[in-house]
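Asker: In the working numbering, the protein residues as written are 1 to 319.
Cβ atoms here follow ideal geometry from the backbone N, Cα and C, with glycine treated the same way.
Sharing a structure with you now.
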């Protein structure tokens, strides 16, 4: 009796900026997997039905292995027939296994889907001496590399087990911000930038648009506007209404607080300017503002400390 052909699973992590077969690059990165048996490979991933959407109806994809060119990391493991079948069962009908098919980039993404399939097959991340059977993944695709590496190989001595690393792809500044995990200063670590991007995405959706490169430029421009006007957060992003002297959407507003609150803060700029200013220029300006604010705070603290020391010295002389 001939020996059955081996079964394998390969888990992929694609970085933001990864080239796509049909043109363009991956905006935020991707995580997906593929199983192979007897020369046949089945690819499974999860993505929004509407390309580029940050939330909405999702769908299982079957072309990621071909679509993503030279993904940053891949780990291949030999698995059992039962594990192979469980991955296929989960991936083809995720709803039957408790996975909601409503895509959300923060809470129900390609990462949650991939770990769901792995967990269903008994392939869990390792935490010290225990297996984490309910791990749903780290927020960013690249953050999952070490977790994937921690999975115990079902057949540790198999010659099919392997890891593949590729160089990080060329990335735009925004893609670098998404993929870099150890930067916490200036604009890169400011949660207000993410907050503004969320509000711009909501505005896009309300106007029948998807978040795109123009939205990125608008978000970065509004971040600078907020910093220049002393806002500490952005609760709303709005377009101006039509008036006798101006067309609709001529200006774009950011608001801190409720609009009906007399104490709310707001600032505005021409919408065209916000949409045309390069992201790199806005973020560079944001860095400058953040650094200037930090220097101002340091100088104020030093001045306060000097005054305190002078007061103490004066009191000692009087005593």
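Let me confirm a value: residue 317 is counted as buried when at least 16 other C-beta atoms fall within 10 Å, else exposed. Which label applies?
Answerer: Against the chain shown, residue 317 aligns to sequence position 317. Answer is exposed; the Cβ neighbour count stays below 16.
Asker: Pull up the distance between the alpha-carbon of residue 181 and that of residue 152, whole angstroms please.
Answerer: Locating residue 181 in the chain shown gives position 181, counting from the first residue. Locating residue 152 in the chain shown gives position 152, counting from the first residue. Confidence at residue 181 is low in this model, with a pLDDT of 46, below 50, so its placement is unreliable and the value that follows should be read with caution. Distance between the alpha carbons of residue 181 and residue 152 is about 25 Å.
Asker: Which residues in the same chain have their Cβ closer than 7 Å to the Cβ of residue 264, if we skip the five residues on either side of it in sequence?
Answerer: Here residue 264 is taken as the residue at index 264 of the chain shown, counted from 1. Closer than 7 Å at the Cβ level, and outside the excluded window around residue 264, lie 255, 256, 257, 258.
Asker: How is residue 265 classed by DSSP in three states: helix, strand or coil?
Answerer: Residue numbering aside, residue 265 sits at position 265 when the chain shown is read from its first letter. Looking at residue 265 - three-state DSSP - the assignment turns out to be strand.
Asker: Once the 5 residues before and after residue 214 are set aside, which same chain residues still bring their CB inside 8 Å of it?
Answerer: Counting from one through the chain shown, the residue named residue 214 turns up at place 214. Around residue 214: 275.
Asker: Which residue comes first and which comes last in the alpha helix (DSSP H) that contains residue 196?
Answerer: On the chain shown, residue 196 is found 196 positions in, with the first residue counted as 1. 191-206 is the extent of the alpha helix (DSSP H) around residue 196.
Asker: What residue from 207, 130, 260, 224 has the CA that sits closest to residue 193's CA?
Answerer: Reading the chain shown from its first residue, position 193 is the one you call residue 193. Here the closest residue by C-alpha is 224.
Asker: Would residue 76 be called buried (16 or more neighbouring beta carbons within 10 Å of its own) or exposed?
Answerer: Position 76 of the chain shown holds residue 76. It is buried - the Cβ of residue 76 has at least 16 other Cβ atoms within 10 Å.
Asker: At a cut of 8 Å, does the stretch 136-143 reach the stretch 151-165 through at least three beta carbon pairs?
Answerer: No: fewer than three Cβ pairs fall under 8 Å.
Asker: Three or more beta-carbon pairs under 8 Å between the stretch 37-47 and the stretch 78-92, yes or no?
Answerer: Taking 8 Å as the limit for Cβ pairs, the verdict is that the stretch 78-92 does touch the stretch 37-47.
Asker: Mapping DSSP to helix, strand and coil, what is residue 87?
Answerer: The sequence position of residue 87 within the chain shown is 87, counting from 1. Looking at residue 87 - three-state DSSP - the assignment turns out to be helix.
Asker: Whose C-alpha, out of 251, 269, 242, is nearest the C-alpha of residue 226?
Answerer: Taking the first residue of the chain shown as 1, we reach residue 226 at position 226. Closest by alpha carbon: 269.
Asker: Please list, in chain order, all residues of the same chain as residue 251 whose beta carbon is under 8 Å from its beta carbon, the five residues on each side excluded.
Answerer: Indexing the chain shown from 1 puts residue 251 at position 251. Only 239, 240, 268, 269, 270, 271 meet the Cβ criterion.
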